[in-house]
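Asker: Chains as they are written, first to last, in full-length UniProt numbering: chain P, 1 to 313; chain S, 1 to 277.
The beta-carbon is built from N, C-alpha and C at its ideal position, and this holds for glycine as well.
Quick caveat, the model's predicted, so the values are computed rather than measured.
This is the structure I have questions about; it appears just below.
As structure tokens, this is what we get:
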């Protein structure tokens, strides 16, 4: 097995393959081709890379217009700008008009770390998952990213995908195991019924690490990957709740409105499952590397282990 | 080809149908509709290479109404063209009707959803760019308001239209110089619009936007190669109803029963006059 890959590199490779076969597939950038790892795409298919300059709103609107005329644009911009500055364009021109635009939010979450809150996207899941007719995904490793992009190049539905900057460690053995369809989550670890850790994207590997440490401490956990944040795999969550009754969610997002909220909304009607949400608190984010910041807010594996041990006491 | 007189008669009839619809529904952007009625009639009756039968043809011309609030006149023009039965408009703004206060593509003849201002030009840039990429020869038309020019997204779109040399794009500004709060020059002065669009790479044509002959000529003229076109159409808000003309208050005012009858009498007089010429 390889040593992992960056989601951006995987997307670029998959998109070159798909766009070579289907000339309607376009990569749309807002002076972001480098940060989106799209230089190989630009070199391979220069006529299918549409540069819009530093104008994220217009990038989304123009993409909606192109999609309406048969094109299949994938819009690449930092997640912070794509989902905040351009959110009305996403809501109106893409989701409401039902244009086949795929929104790829790069350098998501706290990826930009010391560049500050202007560049962080810790609210993107909250805002995108509240928009009707918009799927929301966070892939966790290279196989899942590849399978997801293969699906998206075939799908007609608007979607938002958030990725980070890190090399993603491999979690799955192959693409088929990693992603099958919208609204399908995966149980990636199952050692018992004490607690279910739930995560997606870059933090999934932290949750898995925490579960393995918990096992050594005698706590038997499951780990669920919710790659498809919307539509949500409610059936899977219910099956997990039938067995464990205690969920702990971990996400690179505000504790408000993100993956933890989606999970809590799904199982709250049951009345028998506790949900503890780990994420960024509702306060200005401290400066530091991504790892330092995760540790500070108790989002690294060791901190998650301690929290779970406390909550289970 | 319709004569200028026939188009003027059609515009008067569309104004009347719109006036009746707004009064019946007790909602609508009256002044905005009446302002741009001539533009839409010229476009749909004489210029746009699109019919109900060719609406899904990839080679059709496209029209995207950026000033979506003037939807009542658009609905009436589309119904008149046969995109849907005129009787559908009896449901306008009623519970569960698709005919709501801004255009949606649930309705035959409407390309994309608009309403929030500052989107139509960018959508049109996308449609025009796709046409260039696919080597199709269709043309894209979009209608904006002059108050709308305060939206920053308009200028992002204008920049990209110039950058990509979209000579298959014609933008029209319904330049009535009034918006909901008063004169556009007082609310947020966007002039000189002609100079600004020229600076963004457009050819600019300035016309009387309530003059059918000038409209048909400006809309029909082929773009200069590699240049998008802007038609700065000087119009009168509330055009055709004497007491609504040039009144910002009529932006989305609904007539009283007395006003409705007076307006109807005025429009009938215009229609009668044109029919007798």
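In chain S, what lies closer than 7 angstroms to residue 52 (chain P) by C-beta?
Answerer: As a position in the first chain, residue 52 (chain P) is number 52, starting the count at 1. Within 7 angstroms Cβ-Cβ: 160.
Asker: For residue 23 (chain P), which of helix, strand or coil comes out of DSSP?
Answerer: As a position in the first chain, residue 23 (chain P) is number 23, starting the count at 1. Note: residue 23 (chain P) maps to coil in three-state DSSP.
Asker: Assuming the contact rule is C-beta atoms closer than 8 angstroms, residue 127 (chain P) and residue 61 (chain P) should be a hit. Round their C-beta distance to whole Å, please.
Answerer: In the first chain, residue 127 (chain P) corresponds to position 127, counting from 1. In the first chain, residue 61 (chain P) corresponds to position 61, counting from 1. 18 angstroms between Cβ atoms; not a contact.
Asker: Just curious, the beta strand (DSSP E) that residue 144 (chain S) is in, first and last residue?
Answerer: For the purposes of this step, residue 144 (chain S) is identified with residue 144 of the second chain, where counting begins at 1. Its beta strand (DSSP E) spans residues 140-145.
Asker: So, for residue 266 (chain P): in the same chain, excluding its five sequence neighbours on each side, which residues have a beta-carbon less than 7 angstroms away from its beta-carbon?
Answerer: Counting from 1 along the first chain, the entry for residue 266 (chain P) is found at position 266. Closer than 7 angstroms at Cβ, skipping near neighbours: 232, 234 and 237.
Asker: Does residue 71 (chain S) come within less than 8 angstroms of chain P when only Cβ atoms are used?
Answerer: On the second chain, position 71 is the one that residue 71 (chain S) refers to. So, not an interface residue.
Asker: Classify residue 193 (chain P) as helix, strand or coil using the three-state DSSP reduction.
Answerer: Within the first chain, numbered from 1, the residue matching residue 193 (chain P) stands at position 193. Of the three classes helix, strand and coil, the one that applies to residue 193 (chain P) here is coil, per DSSP.
Asker: Which residues in chain S have a C-beta closer than 7 angstroms to the C-beta of residue 88 (chain P)? List them in chain order.
Answerer: Against the first chain, residue 88 (chain P) aligns to sequence position 88. Simply 116.
Asker: Would you report the Cα separation of residue 1 (chain P) and residue 102 (chain P), rounded to the nearest angstrom?
Answerer: The residue you call residue 1 (chain P) lines up with position 1 of the first chain. The residue you call residue 102 (chain P) lines up with position 102 of the first chain. Note that residue 1 (chain P) scores 43 on pLDDT, short of 50, meaning its location in the model is unreliable; the coordinates nonetheless yield the value given after this. About 30 angstroms.
Asker: How many angstroms separate the CA atom of residue 309 (chain P) from the CA atom of residue 196 (chain P)?
Answerer: Walking along the first chain from the start, residue 309 (chain P) turns up at place 309. Walking along the first chain from the start, residue 196 (chain P) turns up at place 196. Residue 309 (chain P) and residue 196 (chain P): Cα-Cα distance of roughly 13 angstroms.
Asker: At a CB-CB cut-off below 9 angstroms, which residues of chain S make contact with residue 71 (chain P)?
Answerer: Counted from its first residue, the first chain places residue 71 (chain P) at position 71. Correct list: 126, 129, 130, 133 and 134.
Asker: What separation, rounded to the nearest whole angstrom, lies between the Cα atoms of residue 251 (chain P) and residue 124 (chain S)?
Answerer: On the first chain, position 251 is the one that residue 251 (chain P) refers to. On the second chain, position 124 is the one that residue 124 (chain S) refers to. Each residue's alpha carbon lies about 38 angstroms from the other.
Asker: Leaving out five residues before and five after residue 165 (chain S) in sequence, what residues of the same chain have Cβ atoms less than 6 angstroms from its Cβ?
Answerer: Taking the first residue of the second chain as position 1, residue 165 (chain S) is located at position 165. Hits under 6 angstroms: 226.
Asker: How close, in whole Å, do the beta carbons of residue 277 (chain P) and residue 260 (chain P) come, if the pair is a contact with beta carbons under 8 angstroms?
Answerer: Locating residue 277 (chain P) in the first chain gives position 277, counting from the first residue. Locating residue 260 (chain P) in the first chain gives position 260, counting from the first residue. 3 angstroms between Cβ atoms; contact.
Asker: Using a Cβ-Cβ cut-off of 6 angstroms (strictly less than) and excluding sequence neighbours within five positions of residue 131 (chain P), which residues of its own chain qualify?
Answerer: Locating residue 131 (chain P) in the first chain gives position 131, where the first residue counts as 1. Around residue 131 (chain P): 91 and 95.
Asker: On a Cα-Cα basis, can you pick out the residue from P:26, P:294, P:200 and P:151 that is closest to residue 64 (chain P)?
Answerer: Within the first chain, the letter at position 64 stands for residue 64 (chain P). The shortest Cα separation from residue 64 (chain P) among P:26, P:294, P:200 and P:151 belongs to P:26.
Asker: So, with DSSP's three-state summary, where would you put residue 73 (chain P)?
Answerer: Mapped onto the first chain, residue 73 (chain P) falls at position 73. If DSSP states are grouped into helix, strand and coil, residue 73 (chain P) belongs with the strands.
Asker: Measuring CA to CA, which of P:268, P:189, P:185 and P:47 is closest to residue 137 (chain P)?
Answerer: Along the first chain, one-based indexing puts residue 137 (chain P) at 137. The option with the nearest alpha carbon to residue 137 (chain P) is P:185.
Asker: In whole angstroms, give me the CA-to-CA distance for residue 47 (chain P) and residue 28 (chain P).
Answerer: For the purposes of this step, residue 47 (chain P) is taken as residue 47 along the first chain, with counting starting at 1. For the purposes of this step, residue 28 (chain P) is taken as residue 28 along the first chain, with counting starting at 1. Each residue's Cα considered, the two are about 11 angstroms apart.
Asker: Taking C-beta to C-beta, are residue 144 (chain S) and residue 8 (chain S) nearer than 8 angstroms?
Answerer: As a working note, residue 144 (chain S) is residue 144 in the second chain. As a working note, residue 8 (chain S) is residue 8 in the second chain. No, the pair does not count as a contact, with Cβ atoms beyond the cut-off.
Asker: Examine the ligand ATP and report whether any of its heavy atoms sits within less than 7 angstroms of the Cβ of residue 122 (chain S).
Answerer: Annotation note on the ligand ATP: not contained in the displayed structure, which lists no ligands.
Asker: Below 8 angstroms on the Cβ atoms is my guess for residue 257 (chain P) versus residue 123 (chain P); work out the distance and round it to an integer in Å.
Answerer: Sequence index remark: in the first chain, residue 257 (chain P) carries index 257 (1-based). Sequence index remark: in the first chain, residue 123 (chain P) carries index 123 (1-based). That pair is a contact at about 7 angstroms.
Asker: Select from the stretch 87-115 of chain S all residues with a C-beta closer than 9 angstroms to any C-beta belonging to chain P, and list them in chain order.
Answerer: The residues in question are 104, 105, 111, 112, 113, 114 and 115.
Asker: Have a look at the DSSP bridge pairing and note the partners of residue 63 (chain S).
Answerer: The sequence position of residue 63 (chain S) within the second chain is 63, counting from 1. Answer is S:141.
Asker: Please state whether DSSP places residue 133 (chain P) in a helix, a strand or coil.
Answerer: What you label residue 133 (chain P) is simply residue 133 of the first chain in a count that begins at 1. Of the three classes helix, strand and coil, the one that applies to residue 133 (chain P) here is coil, per DSSP.
Asker: Indicate the three-state DSSP secondary structure (helix, strand or coil) for residue 119 (chain P) in the structure shown.
Answerer: What you label residue 119 (chain P) is simply residue 119 of the first chain in a count that begins at 1. Three-state DSSP puts residue 119 (chain P) in a helix.
Asker: Enumerate, from N- to C-terminal direction, the unbroken alpha helix (DSSP H) stretches of 4 or more residues contained entirely within the stretch 177-239 of chain P.
Answerer: Those alpha helix (DSSP H) runs which fall completely within the stretch 177-239 of chain P and span 4+ residues are 204-216.
Asker: Please state whether DSSP places residue 275 (chain P) in a helix, a strand or coil.
Answerer: Residue 275 (chain P) sits at position 275 when you count from the first residue of the first chain. Reduced to three states, the DSSP call for residue 275 (chain P) is strand.
Asker: Is residue 142 (chain P) helix, strand or coil when you go by DSSP?
Answerer: Here residue 142 (chain P) refers to the residue found at position 142 of the first chain. Three-state result, residue 142 (chain P): helix.
Asker: Taking the alpha-carbon positions, what's the residue 208 (chain P) to residue 189 (chain P) distance?
Answerer: Counting from one through the first chain, the residue named residue 208 (chain P) turns up at place 208. Counting from one through the first chain, the residue named residue 189 (chain P) turns up at place 189. Cα-Cα distance, rounded: 7 angstroms.
Asker: If you run the structure through DSSP and keep just helix, strand and coil, what is residue 1 (chain P)?
Answerer: The residue given as residue 1 (chain P) occupies position 1 in the first chain. Here the model assigns residue 1 (chain P) a pLDDT of 43, short of 50, so the residue's position is not dependable and the matter cannot be decided.
Asker: Buried or exposed: which applies to residue 76 (chain S), given that a residue is buried once 16 or more other Cβ atoms fall within 10 Å of its Cβ?
Answerer: Your numbering for residue 76 (chain S) matches position 76 in the second chain. Flag for residue 76 (chain S) reads buried.
Asker: Taking DSSP as the reference, what is the three-state secondary structure of residue 118 (chain S)?
Answerer: On the second chain, position 118 is the one that residue 118 (chain S) refers to. Coil.
Asker: Just to confirm my understanding: we take residue 173 (chain S), look at its own chain, exclude 5 residues before and 5 after, and list those with CB closer than 6 angstroms. What are they?
Answerer: For the purposes of this step, residue 173 (chain S) is taken as residue 173 along the second chain, with counting starting at 1. The residues are 144, 146 and 232.
Asker: Check whether chain P comes within 8 angstroms of residue 74 (chain S), counting only Cβ atoms and requiring the distance to be less than that.
Answerer: For the purposes of this step, residue 74 (chain S) is taken as the residue at position 74 of the second chain. Answer no: the Cβ-Cβ gap between residue 74 (chain S) and chain P never drops below 8 angstroms.
Asker: Look at the alpha carbon of residue 111 (chain P) and the alpha carbon of residue 146 (chain P), and state the distance between them as a whole number of angstroms.
Answerer: Sequence index remark: in the first chain, residue 111 (chain P) carries index 111 (1-based). Sequence index remark: in the first chain, residue 146 (chain P) carries index 146 (1-based). Each residue's alpha carbon lies about 21 angstroms from the other.
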